[in-house]
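Student: Counting from 11, one number per residue, gives the positions in the sequence shown under the working numbering. Ideal Cβ placement from N, Cα and C applies to all residues, glycine included.
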Amino acid sequence: MKRIAKFIAYHPKTITIIAVLLLIPAAIGYINTFVNYDILSYLPGDLDSVKGENELDETFNSASMSFLVIEDMPSKDVAALKEKIAKVDNVSSVSWVNDIADISIPQEIIPQAVKDIFYSKDGKCTMMLIQYKYKAVTDETMKAIEDVRGLLNNQCFLSGMGVIMKDTRDLADSQAPIFIAIAIAIALVVMTFCMESWVEPWVLLAALCMAVVYNMGTNLIFGQISYITQCIAAILQLGVTMDYSVFLIDRFEEEKPKYADKRDAMASAIQGAFLSLSGSSLTTIFGFLALCFMDLSLGKDIGLVMAKGVVFGVLTVTIVLPALVLQCDKIIHKYRHRSFIPKFDKLNNFVINHKKVWVAIFLVLFIPSYIMQSNVNVYYSMDRMLPDDIGCIAALNKMKEEFNMATSHFIIVDDSLDA
Numbered sequence: 011m012k013r014i015a016k017f018i019a020y021h022p023k024t025i026t027i028i029a030v031l032l033l034i035p036a037a038i039g040y041i042n043t044f045v046n047y048d049i050l051s052y053l054p055g056d057l058d059s060v061k062g063e064n065e066l067d068e069t070f071n072s073a074s075m076s077f078l079v080i081e082d083m084p085s086k087d088v089a090a091l092k093e094k095i096a097k098v099d100n101v102s103s104v105s106w107v108n109d110i111a112d113i114s115i116p117q118e119i120i121p122q123a124v125k126d127i128f129y130s131k132d133g134k135c136t137m138m139l140i141q142y143k144y145k146a147v148t149d150e151t152m153k154a155i156e157d158v159r160g161l162l163n164n165q166c167f168l169s170g171m172g173v174i175m176k177d178t179r180d181l182a183d184s185q186a187p188i189f190i191a192i193a194i195a196i197a198l199v200v201m202t203f204c205m206e207s208w209v210e211p212w213v214l215l216a217a218l219c220m221a222v223v224y225n226m227g228t229n230l231i232f233g234q235i236s237y238i239t240q241c242i243a244a245i246l247q248l249g250v251t252m253d254y255s256v257f258l259i260d261r262f263e264e265e266k267p268k269y270a271d272k273r274d275a276m277a278s279a280i281q282g283a284f285l286s287l288s289g290s291s292l293t294t295i296f297g298f299l300a301l302c303f304m305d306l307s308l309g310k311d312i313g314l315v316m317a318k319g320v321v322f323g324v325l326t327v328t329i330v331l332p333a334l335v336l337q338c339d340k341i342i343h344k345y346r347h348r349s350f351i352p353k354f355d356k357l358n359n360f361v362i363n364h365k366k367v368w369v370a371i372f373l374v375l376f377i378p379s380y381i382m383q384s385n386v387n388v389y390y391s392m393d394r395m396l397p398d399d400i401g402c403i404a405a406l407n408k409m410k411e412e413f414n415m416a417t418s419h420f421i422i423v424d425d426s427l428d429a
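#1: Using a Cβ-Cβ cutoff of less than 6 angstroms, which residues in the same chain neighbour Ile-295 once the five nearest sequence positions on both sides are dropped?
#2: As a quick exercise: from Cys-166, Asp-157, Met-152, Asp-112, pick the residue whose alpha carbon is nearest that of Thr-136.
#3: Just the Cα atoms here: how many angstroms apart are Leu-33 and Tyr-224?
#4: Would you mind giving the Cβ-Cβ distance between Ile-422 and Gly-62, rounded to the nearest angstrom? I have them listed as a contact below 8 angstroms.
#5: My output table needs one value for Ser-421: the three-state DSSP class, helix, strand or coil.
#6: With C-beta atoms as the reference, is Leu-215 less than 8 angstroms away from Ile-194?
#7: Between the stretch 396-410 and the stretch 177-186, do at least 3 Cβ pairs fall closer than 8 angstroms?
#8: Would DSSP call Leu-396 helix, strand or coil?
#9: Which one of Gln-141, Glu-150, Asp-126, Tyr-52 has the shortest CA to CA distance from Ser-169?
#10: Among Ile-377, Lys-268, Asn-163, Ala-217, which has the Cα closest to the Cα of Leu-78?
#11: Answer yes or no: do Leu-301 and Gly-289 have a C-beta to C-beta separation smaller than 8 angstroms?
#12: If contact is defined by three or more beta carbon pairs under 8 angstroms, each pair taking one atom from either stretch, is the stretch 368-376 in contact with the stretch 144-163?
#13: Is the beta carbon of Val-45 less than 8 angstroms from the beta carbon of Gln-234?
#14: Which of helix, strand or coil does DSSP assign to Ser-114?
#15: Please state whether the Cβ-Cβ distance between Ser-236 and Asp-311 is less than 8 angstroms.
#16: Could you give the DSSP three-state label for Arg-346: helix, strand or coil?
#17: Is Glu-206 helix, strand or coil when you go by DSSP?
#18: Could you work out which residue in Lys-134, Ala-111, Thr-328 is closest to Ala-29 when comparing CA atoms only?
#19: Could you give the residue range of the beta strand (DSSP E) that holds Gln-234?
#20: Helix, strand or coil for Cys-302, going by three-state DSSP, please let me know.
#21: Let me check one thing: in DSSP terms, what residues is Cys-166 bridge-paired to?
#22: Taking the continuous beta strand (DSSP E) assigned at Ile-119, which residues delimit it?
#23: What residue range does the alpha helix (DSSP H) around Ile-27 cover?
#24: If distances are taken between C-alpha atoms only, which option among Ile-80, Ile-110, Tyr-144, Ala-221 comes closest to Asn-100?
#25: For Asn-10 and Gly-133, I'd like the C-alpha separation in whole angstroms.
#26: For the candidate residues Gly-172, Gln-122, Val-200, Ile-49, whose alpha-carbon lies nearest to that of Leu-306?
#27: Just reading off the beta strand (DSSP E) that Ser-105 is part of, what are its end residues?
#28: Classify Cys-338 as helix, strand or coil using the three-state DSSP reduction.
#29: Which ranges does the alpha helix (DSSP H) cover as unbroken runs of at least 4 residues, wholly within the stretch 120-188, from first to last along the chain?
#30: Would you call the stretch 249-260 and the stretch 327-344 touching, i.e. three or more CB-CB distances under 8 angstroms?
#31: Taking only the alpha-carbon atoms, compute the straight-line gap between Leu-334 and Ile-188 and give it to the nearest angstrom.
#32: If you compare alpha carbons, which of Phe-17, Asp-109, Leu-91 is closest to Val-158?
#33: Do you know offhand how far Ile-341's Cα is from Gly-282's?
#34: Give the single residue among Cys-204, Val-199, Phe-203, Ala-191 whose Cα lies nearest to the Cα of Ile-245.
#35: Express the C-alpha separation of Ala-277 and Lys-12 in angstroms, rounding to a whole number.
#36: Measure the CB-CB distance between Gly-172 and Ser-291 and report whether it falls below 8 angstroms.
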């Protein structure tokens, strides 16, 4: 370890060049990693619901369906819209009341069982069922949904699992860069308050962002990752590994007075930091790997990516960050500022002098905290994760209001069962 630390400290430019060049394949890997937006695909294959979905896809070619609610539109226009939708690529069929009865027949004459399916109670809204050739998560179905939406006006409301996945993907893709930027800004503010240089937080953040890119780029080895992992991994990795970088910097400042050459001080800091970080990071790594034992394979997806992220965080902090700090050492010290963090000596002494009281307080607080935690409602509905003003949720609410319908189920019956 001593030789490696010496090499890093005495060859900072070489390390930096290699680190920057490695960003290229990492970026390529990130771009080519498939993001899976189908949460249902992470369910165990032996579940009846999963078997049923596979049977729908293989036998009936009906693994994906959308519901189109149309409000206050003449029947002839609805029929014309149906014909246009049927011509969209990868739409296998479109079902409406005119498959059963001529649209010239008044609603009052149509059998009640049929009316209940295709018309709302007041008769102002009608429903159309759209089936696709492929599963909801596929690019073909996503494109078909986009094309169908292009044919609709503000009188039409398109809903269904595929539509929810489409809106989820669009929302995640558009907002992920925003909340990552917010996380970076918050990290900069926090590190600026914790450190005594205006430049140092930027150097640390540069190294941490490199670690994030390495981690996200190497997800290609898994073939695919879930959109949930894609959204949270970068921010989680920043939060988990930020302390590692601060630890190395503090260790470097401690070692400086002991050595005439700052490179030797950094080499010593790298050795000390690596030993400490290796031990502390192992608990984090194994904590994430524990998620891999969930029956829901989404846990494995998140666990592997985050465990890998911690490894990259430790390696980047002990290899890349020292190289960056050594090259920026002069400018770091040139733009130093006083510490913004107040001293907590009085508070520390108060806590220590009343330690038994504080232990008792936290033990007492544990009881109501446990009770409240046990009564927290957990929801599993995908539509509750999305804003109310997004297209698929507005359509779902319309279905609830007009048809008293929020979801649909299919019962597959074996042909050996007596009629």
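Tutor: Per the coordinate set shown:
#1: Ala-317, Val-320
#2: Measuring from the Cα of Thr-136, the nearest candidate turns out to be Cys-166.
#3: 7 angstroms
#4: Between Ile-422 and Gly-62, the beta carbon gap of about 6 angstroms places them in contact (Cβ cut-off 8 angstroms).
#5: Per the sequence shown, the amino acid found at residue 421 is Ile instead of Ser. Reduced to three states, the DSSP call for Ile-421 is coil.
#6: yes
#7: Touching, yes.
#8: coil
#9: Gln-141
#10: Asn-163
#11: no
#12: Result no; under three Cβ-Cβ pairs closer than 8 angstroms.
#13: The answer is yes: Cβ separation under 8 angstroms.
#14: coil
#15: yes
#16: strand
#17: Reduced to three states, the DSSP call for Glu-206 is coil.
#18: In terms of Cα proximity to Ala-29, the closest of Lys-134, Ala-111, Thr-328 is Thr-328.
#19: 234-236
#20: helix
#21: Ile-80
#22: No beta strand (DSSP E) contains Ile-119, which DSSP labels as neither H nor E.
#23: 22-42
#24: Tyr-144
#25: The structure shown has nothing for residue 10, since the chain only spans 11 to 429.
#26: Ile-49
#27: 101-105
#28: coil
#29: List check, alpha helix (DSSP H) in window: 122-128, 149-160.
#30: yes
#31: 27 angstroms
#32: Distances from the CA of Val-158 to each of Phe-17, Asp-109, Leu-91 were compared; the closest alpha carbon is that of Leu-91.
#33: 25 angstroms
#34: The candidate whose alpha carbon is nearest that of Ile-245 is Ala-191.
#35: 7 angstroms
#36: No, they are not a contact pair.
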